[in-house]
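Enquirer: Quick one: the structure is below, questions incoming.
Protein chains in written order, with the numbering used here: chain G, 409 to 601; chain W, 9 to 256.
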């Protein structure tokens, strides 16, 4: 892949270009799938790891801190493999039937550390997106710093109902997060912040 | 710690610096000695920080949508193969009605079905990351050629590669290259050479089944697929689907 093509893909990712992201997704899914399925994972793990790696690249692009010392594809595969290895290591209940090759050289140690730090974030986002539309709307407004009064005005609910709904949604989200096996493993063996 | 609306309000007030002075002092005092409260505050802080980033949330949501679309397309591809099968059944009826070349039709139908299935199920075995430290330059070059689909160069390089039989991943690359060059019998030799005790055995069997499919030998494909299903590994689901299609 030429550097011009890579630049286009990176620009597409940061701009949220659906065509470019879909093409990248299709071109690289099989490789990631093969790796994870061969190393104790399932299709849901493939989806999680693939998307979490892309989110990580997106965030690095947004922060203008993405430094590529290899091709984008190699970097991306390195991120996916490190995310998956982290999860396997954390979840000792998973049976590792074979030694997983170490590809740490594909990405710099600082990025490996960054991947570990981001693990909790992925869990929070994943479960937030599972909430109902009304819950998401209220919580999004809350996280943007809006007051209960403002949220009630925007959503059209009474202030009392908004407070109750906000509590129910937030509690339900925390419970989902706490039940997530990745979160439980992180909680038991927290990474350095 | 029991979660109540009051505690949530306090935590939110603390995180957004909107607690009145007296309540803030009382809250900080409780926080200093109550570990459960400390943990709860951290969960809320994380939620506010992570989920307050709307751009990343939107991006994540977009990825989920794209993933769903891709899955639907993959399903559709397999269903289309079934439709092809139905199409050929209809075509068969017409040919029989007109009484022309029944045998020729049967062979043609069978070949088309197996070829369609092969097209639907075959995906080249993915190449391992070529930046691995212990990979020689020669192998890195081969992997690059394989990834870029320059299969004839891969064949030239690997046919003369010393001790190839000890490197099953390379054998899989060679077998896949043969398959892509229309040299199915040579591909079969490579896939058959991967023994049952090897970690790549199931992968070898999967590509072996596809090689026979490409050669329009479903009777040879079927028992291999049954063995893959019994093996109960990562190719089981695909093998079940393909077997079902073949037996239609």
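Ideal Cβ positions, reconstructed from N, Cα and C, are used throughout, including at glycine.
#1: Take every Cβ of the stretch 62–78 of chain W, pair it with every Cβ of the stretch 413–420 of chain G, and state whether three or more of those distances are shorter than 8 Å.
#2: Is the stretch 234–246 of chain W touching the stretch 203–219 of chain W, taking contact as three or more C-beta pairs under 8 Å?
#3: Buried or exposed: residue 566/G, going by 16 or more other Cβ atoms within 10 Å of its Cβ?
#4: Quick one: what does DSSP say residue 427/G is sitting in, helix, strand or coil?
#5: Give me the residue from 127/W, 75/W, 206/W and 153/W with the minimum Cα distance to residue 85/W.
#6: Is residue 453/G helix, strand or coil by DSSP?
#7: Would you mind giving the Cβ-Cβ distance between residue 136/W and residue 151/W, rounded to the nearest angstrom? I have them listed as a contact below 8 Å.
#8: Is it true that the stretch 34–44 of chain W meets the stretch 527–541 of chain G, where meeting means three or more beta-carbon pairs spaced less than 8 Å apart?
#9: Let me see if you follow: with CB-CB separation under 8 Å, is residue 474/G close to chain W or not?
#10: Would you mind sorting residue 507/G into buried or exposed? The rule is 16 or more other CB atoms within 10 Å of its CB.
#11: I'd like to check one pair, residue 440/G with residue 454/G: are the Cβ atoms closer than 8 Å?
#12: Taking only the alpha-carbon atoms, compute the straight-line gap between residue 129/W and residue 82/W and give it to the nearest angstrom.
#13: Pick helix, strand or coil for residue 42/W, following the three-state DSSP scheme.
#14: For the ligand ATP, I want to know if residue 446/G counts as a neighbour, meaning its beta carbon is within less than 7 Å of at least one of the ligand's heavy atoms.
#15: Out of 546/G, 583/G, 593/G and 451/G, point me to the one whose CA is closest to residue 563/G's CA.
#16: Pull out every residue of the stretch 13–37 of chain W whose Cβ sits closer than 9 Å to any Cβ of chain G, in chain order.
#17: Could you name the residues of the stretch 518–542 of chain G whose beta carbon sits closer than 7 Å to any beta carbon of chain W, in the order they occur along the chain?
#18: CB-CB under 6 Å to residue 488/G, same chain, minus the five flanking residues each way: which ones, in chain order?
#19: Can you have a look at residue 498/G and say buried or exposed, based on whether 16 or more other CB atoms are within 10 angstroms of its CB?
#20: Within the 8 Å Cβ cut-off, does residue 578/G reach chain W?
#21: As a quick exercise: from 227/W, 217/W and 256/W, pick the residue whose alpha carbon is nearest that of residue 247/W.
#22: Can you find a C-beta in chain W that's less than 8 Å from the C-beta of residue 508/G?
#23: Mapping DSSP to helix, strand and coil, what is residue 555/G?
#24: So does the stretch 198–209 of chain W actually touch the stretch 224–233 of chain W, counting three or more Cβ pairs closer than 8 Å?
#25: To the nearest angstrom, how far is it from the Cα of residue 6/W to the Cα of residue 224/W?
#26: In chain order, what are the residue ranges of uninterrupted alpha helix (DSSP H) at least 4 long that sit wholly in the stretch 460–548 of chain G?
#27: How far does the alpha helix (DSSP H) with residue 448/G in it reach, from first residue to last?
#28: I'd like to know if the stretch 157–166 of chain W and the stretch 181–190 of chain W are in contact, where contact means that at least 3 CB-CB pairs between them fall below 8 Å.
#29: Measure the alpha-carbon distance for residue 485/G versus residue 437/G and round it to whole angstroms.
#30: Assuming residue 74/W and residue 429/G are in contact, meaning their beta carbons sit under 8 Å apart, how far apart are those beta carbons, in whole angstroms?
#31: For residue 570/G, count the other beta carbons within 10 Å of its own beta carbon; 16 or more makes it buried, fewer makes it exposed. Which is it?
#32: Is residue 525/G buried or exposed, if buried means 16 or more other CB atoms sit within 10 Å of its CB?
#33: Pick helix, strand or coil for residue 599/G, following the three-state DSSP scheme.
#34: Strictly below 8 Å CB to CB, what residues from chain G border residue 59/W?
#35: To which residues of the same chain is residue 512/G closer than 6 Å at the C-beta, ignoring the five residues directly before and after it?
Expert: With the given structure in hand:
#1: no
#2: yes
#3: exposed
#4: helix
#5: 127/W
#6: Residue state, collapsed to three classes: helix.
#7: Between residue 136/W and residue 151/W a beta carbon distance of about 7 Å is seen, short of the 8 Å cut, so the two are scored as contacting.
#8: no
#9: Taking 8 Å as the threshold, the shortest C-beta distance from residue 474/G to chain W does not fall below it.
#10: With a pLDDT of 49 at residue 507/G, under the threshold of 50, the modelled position of that residue is not reliable, and no figure is offered here.
#11: A contact, by the Cβ cut-off of 8 Å.
#12: 10 Å
#13: coil
#14: Ligands are entirely absent from the displayed structure, and the ligand ATP is therefore not among its contents.
#15: 546/G
#16: 13, 16, 17, 20, 24 and 26
#17: Hits within the stretch, in order: 528, 529, 532, 533, 536 and 537.
#18: 440, 457 and 461
#19: buried
#20: yes
#21: 217/W
#22: Because residue 508/G sits at a pLDDT of 49, beneath the cut-off of 50, its placement in the model cannot be relied upon, and the following sentence gives the value as read from the coordinates. Not an interface residue.
#23: coil
#24: Short answer: they don't touch.
#25: Because chain W spans 9 through 256 in this model, residue 6/W falls outside it and cannot be assessed.
#26: 480–498 and 517–536
#27: Here residue 448/G belongs to no alpha helix (DSSP H), and DSSP marks it neither H nor E.
#28: yes
#29: Cα to Cα, the separation comes out at about 10 Å.
#30: 6 Å
#31: Under this definition residue 570/G is a buried residue.
#32: exposed
#33: Because the pLDDT at residue 599/G is just 49, under 50, the model does not fix this residue reliably, and the point stays unresolved.
#34: 532, 533, 536, 547, 548 and 551
#35: Note on residue 512/G: pLDDT 45, under 50, position unreliable in the model; the coordinate value appears next. No residues qualify anywhere along the chain.
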